[in-house]
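Structure, as structure tokens:
Protein chains: 2
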Amino acid sequence: MDSARPTETLHTKIIEDIRNKIVEGHWKPGHQLAKETELATRYGVARMTMNKVLTQLAQEGYVTRRKRSGTFVAQARVQSAVLEINNIGEEVAALGHSYSWTLLNSERRRMSQADLRALGVGRKVVEEEVLYLQGIHFAGNNPFCLETRAINLDVVPTALQMNFSKDVPGSWLLNTMPWSTARHQIRAVNASGRDAQLLDLPTGAACLEILRKTKIGTNWVTYARLLYPGEAHQLIAEFEPRAAGEAP
Amino acid sequence: MDSARPTETLHTKIIEDIRNKIVEGHWKPGHQLAKETELATRYGVARMTMNKVLTQLAQEGYVTRRKRSGTFVAQARVQSAVLEINNIGEEVAALGHSYSWTLLNSERRRMSQADLRALGVGRKVVEEEVLYLQGIHFAGNNPFCLETRAINLDVVPTALQMNFSKDVPGSWLLNTMPWSTARHQIRAVNASGRDAQLLDLPTGAACLEILRKTKIGTNWVTYARLLYPGEAHQLIAEFEPRAAGEAP
DNA sequence: TAGTGGTCTAGACCACTCC
DNA sequence: GAGTGGTCTAGACCACTAG
Numbered sequence: 001m002d003s004a005r006p007t008e009t010l011h012t013k014i015i016e017d018i019r020n021k022i023v024e025g026h027w028k029p030g031h032q033l034a035k036e037t038e039l040a041t042r043y044g045v046a047r048m049t050m051n052k053v054l055t056q057l058a059q060e061g062y063v064t065r066r067k068r069s070g071t072f073v074a075q076a077r078v079q080s081a082v083l084e085i086n087n088i089g090e091e092v093a094a095l096g097h098s099y100s101w102t103l104l105n106s107e108r109r110r111m112s113q114a115d116l117r118a119l120g121v122g123r124k125v126v127e128e129e130v131l132y133l134q135g136i137h138f139a140g141n142n143p144f145c146l147e148t149r150a151i152n153l154d155v156v157p158t159a160l161q162m163n164f165s166k167d168v169p170g171s172w173l174l175n176t177m178p179w180s181t182a183r184h185q186i187r188a189v190n191a192s193g194r195d196a197q198l199l200d201l202p203t204g205a206a207c208l209e210i211l212r213k214t215k216i217g218t219n220w221v222t223y224a225r226l227l228y229p230g231e232a233h234q235l236i237a238e239f240e241p242r243a244a245g246e247a248p
Numbered sequence: 249m250d251s252a253r254p255t256e257t258l259h260t261k262i263i264e265d266i267r268n269k270i271v272e273g274h275w276k277p278g279h280q281l282a283k284e285t286e287l288a289t290r291y292g293v294a295r296m297t298m299n300k301v302l303t304q305l306a307q308e309g310y311v312t313r314r315k316r317s318g319t320f321v322a323q324a325r326v327q328s329a330v331l332e333i334n335n336i337g338e339e340v341a342a343l344g345h346s347y348s349w350t351l352l353n354s355e356r357r358r359m360s361q362a363d364l365r366a367l368g369v370g371r372k373v374v375e376e377e378v379l380y381l382q383g384i385h386f387a388g389n390n391p392f393c394l395e396t397r398a399i400n401l402d403v404v405p406t407a408l409q410m411n412f413s414k415d416v417p418g419s420w421l422l423n424t425m426p427w428s429t430a431r432h433q434i435r436a437v438n439a440s441g442r443d444a445q446l447l448d449l450p451t452g453a454a455c456l457e458i459l460r461k462t463k464i465g466t467n468w469v470t471y472a473r474l475l476y477p478g479e480a481h482q483l484i485a486e487f488e489p490r491a492a493g494e495a496p
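Read top to bottom, the protein sequences are chains A and B.
All the letters of the first sequence, read from the start, carry residue numbers 1 to 248 under my numbering.
All the letters of the second sequence, read from the start, carry residue numbers 249 to 496 under my numbering.
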């Protein structure tokens, strides 16, 4: 049990101990743990501390807790993974290239049904007034990502005062509306004529398409379509074993 | 889903209160919160309760805590998202199609450098003995996913006794080694001749390629390459605002 | 209805870090 | 050095649910 790195607190050590018992297979899925009070005396801690341990293990998905029944080792699944969605500029910088952004088009208009489709949004009743942008992110001299974006002017009217040939809309929005939440759809598409041309690819080249819908509260802030050359880009999703029907 | 329901506990209500203050912009990033003891008296609770509140908000990424300095509203970023990586059979069933699996090839052999490359693995010194499988997942009568997989026979020797034309290797492994962890790489590729043929696609069709490396402890269990027709499949990643340098 | 987890408290000591 | 968060305790009551 030589643990080197983390702050060695009581409950941290207990958590690791129990987690190991589960991960290494000594406690199989379905195994019932002793009750809080007993585990507490066994580890020589107060019940509050033991509760903290078990609560955290439940949050992590390793155990399931049911009142009146007890605590059980959960059925594990490699089911959810954490996906890093980074700022494109940082992403390029991390690859050791110089980053630049070129604005191709900027237009104030009402969103058409075609726009909605292009941005992967289901049909909406109201066609809001938006700022419609298109531009390219470069890594060195190579196109790295084609961005098409609509910004909801009802929510972010200040966007009209911005000069997006200088500021990158994604970063600006991130700083302006910092607590937005987003939904991503990821798929593979063959680059169509104009997209391929802009990205300097042969027509039909496989691209990774990310559709991002950003909301704040119940209002949508921006829709973005990010198109990456398939060979130049990949997403890394780190594991995480998690139980079946668990929350966070 | 906005929940109105959940058990209204003291600290839950306080958490929501503070979270709202942050999300709605009353407390901007960088804003310093009052200290624990003061917030505790202000909300009329014990410090332990307030500590639980602030600890959870820090875990969620809304605030950053520094000893001796205090608690601050974090700089938020839509930076990580939770990506559901489901069992393929369940995935197909969820779409309302009947699911089936066809094994194309099963072979016990040493992994070659070509195999490693095909599975997206960097070069390894030892070329372990593996069970090398290839098969297709069907949704109805249509190919849904082409799977190429190597199973480490040192870790899972029982795989040799299985009949993978009947059992789906991914599901079987999930049940056998429930607490493994995985790493996923996601990218877009143009389907090459043989892959395209197996998936019943024109050559060059965009496909979503998922490379999955599964480990248990320090040993690798299985490498899998899952190739989905681009149009037929997409991944959904649900949001999650999170602070810059925070640990989940 | 009894046992389990869920929550809360009041007080205490410690470790770290900023001034 | 002093103030902050970090942790821990011993005891208490409550809510839910399985038997």
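A virtual CB, placed ideally from N, CA and C, is assigned to each residue, including glycine.
Would you mind telling me which residues of chain B sit closer than 7 Å to residue i, beta carbon to beta carbon, in chain order?
i, result
"glutamine 79 of chain A", "Glu332, Ile333, Asn334"
"asparagine 190 of chain A", "Ala453, Ala454"
Can you find a C-beta in chain A that's less than 7 Å from the C-beta of residue i?
i, result
"histidine 279 of chain B", "no"
"tryptophan 427 of chain B", "yes"
"glutamine 304 of chain B", "no"
"glycine 478 of chain B", "yes"
Answer with yes or no whether the minimum CB distance from residue i to chain B is below 7 Å.
i, result
"cysteine 145 of chain A", "no"
"aspartate 17 of chain A", "no"
"arginine 117 of chain A", "no"
"arginine 5 of chain A", "With a pLDDT of only 36 at arginine 5 of chain A, under the threshold of 50, the placement of this residue in the model should not be trusted, and no figure is reported."
Would residue i be called buried (16 or more neighbouring beta carbons within 10 Å of its own) or exposed?
i, result
"histidine 184 of chain A", "buried"
"proline 426 of chain B", "buried"
"glutamine 280 of chain B", "exposed"
"histidine 385 of chain B", "buried"
"leucine 456 of chain B", "buried"
"valine 126 of chain A", "exposed"
"glutamine 327 of chain B", "buried"
"arginine 442 of chain B", "exposed"
"leucine 95 of chain A", "exposed"
"serine 477 of chain B", "The residue asked about is misnamed: residue 477 of chain B is proline in this sequence, not serine. The residue is buried, with at least 16 neighbouring Cβ atoms inside 10 Å."
"valine 50 of chain A", "Inspection of the sequence shows that residue 50 of chain A is occupied by methionine rather than by valine. Per the 10 Å Cβ criterion, buried."
"lysine 300 of chain B", "buried"
"threonine 260 of chain B", "exposed"
"isoleucine 266 of chain B", "buried"
"aspartate 250 of chain B", "Residue confidence is low: aspartate 250 of chain B scores 34 on pLDDT, short of 50, so the model does not pin down where it sits. Its coordinate-derived value is still stated next. Under this definition aspartate 250 of chain B is an exposed residue."
"alanine 491 of chain B", "At alanine 491 of chain B, the pLDDT of 49 sits below 50, so the modelled position is not reliable and the matter cannot be decided from this model."
Going along chain B, which residues have a C-beta under 8 Å from residue i?
i, result
"leucine 10 of chain A", "Neighbours of leucine 10 of chain A on chain B: none; closest Cβ ~16 Å, over 8 Å."
Identify the contact partners of residue i in chain A, using a Cβ-Cβ distance below 9 Å as the criterion.
i, result
"glutamate 486 of chain B", "Thr181, Ala182, Arg183, His184"
Can you pull the chain A residues whose beta carbon is under 8 Å from the beta carbon of residue i, in chain order?
i, result
"isoleucine 270 of chain B", "Trp179"
"glutamine 482 of chain B", "Gln185, Ile186, Arg187"
"leucine 422 of chain B", "Arg77, Val78"
Closer than 9 Å by beta-carbon distance: list the chain B residues that pair up with residue i, in chain order.
i, result
"alanine 150 of chain A", "Correct list: empty, because the minimum Cβ distance to chain B is about 17 Å."
So which residues of chain A does residue i contact, with C-beta pairs closer than 7 Å?
i, result
"leucine 324 of chain B", "For clarity, residue 324 of chain B is alanine in the given sequence; the question names leucine instead. Residues of chain A passing the Cβ test: Pro178, Trp179."
Less than 7 Å between the C-beta atoms of residue i and residue j, yes or no?
i, j, result
"threonine 319 of chain B", "valine 330 of chain B", "no"
"leucine 379 of chain B", "arginine 356 of chain B", "yes"
"leucine 103 of chain A", "serine 165 of chain A", "yes"
"threonine 214 of chain A", "threonine 203 of chain A", "no"
"lysine 283 of chain B", "tryptophan 275 of chain B", "no"
"glutamine 323 of chain B", "proline 391 of chain B", "no"
"alanine 196 of chain A", "alanine 436 of chain B", "no"
"arginine 371 of chain B", "alanine 472 of chain B", "no"
"asparagine 190 of chain A", "alanine 480 of chain B", "no"
"glutamate 128 of chain A", "asparagine 152 of chain A", "yes"
Query raised in the report: Considering only residues of the segment 381 to 408 of chain B, which uninterrupted beta strand (DSSP E) runs meet the minimum length of 3 residues and lie entirely inside it, listed in chain order?
Result: 390 to 400
Report task. Output the residue ranges of the beta strand (DSSP E) runs that lie fully inside the segment 405 to 486 of chain B and measure 3 residues or longer, sorted by chain position. Result -> 429 to 438, 454 to 464, 467 to 477, 483 to 486
Requested in this report: Starting from the N-terminal side, write out each stretch of the beta strand (DSSP E) that is 3 residues or longer and does not extend beyond the segment 258 to 289 of chain B.
Outcome: none
Requested in this report: Entirely within the segment 296 to 325 of chain B and at least 4 residues each: give me those alpha helix (DSSP H) ranges in chain order.
Outcome: none
**Report entry** Every unbroken alpha helix (DSSP H) within the segment 332 to 368 of chain B, with a cutoff of 4 residues, ordered by chain
**Finding:** 336 to 342, 361 to 366
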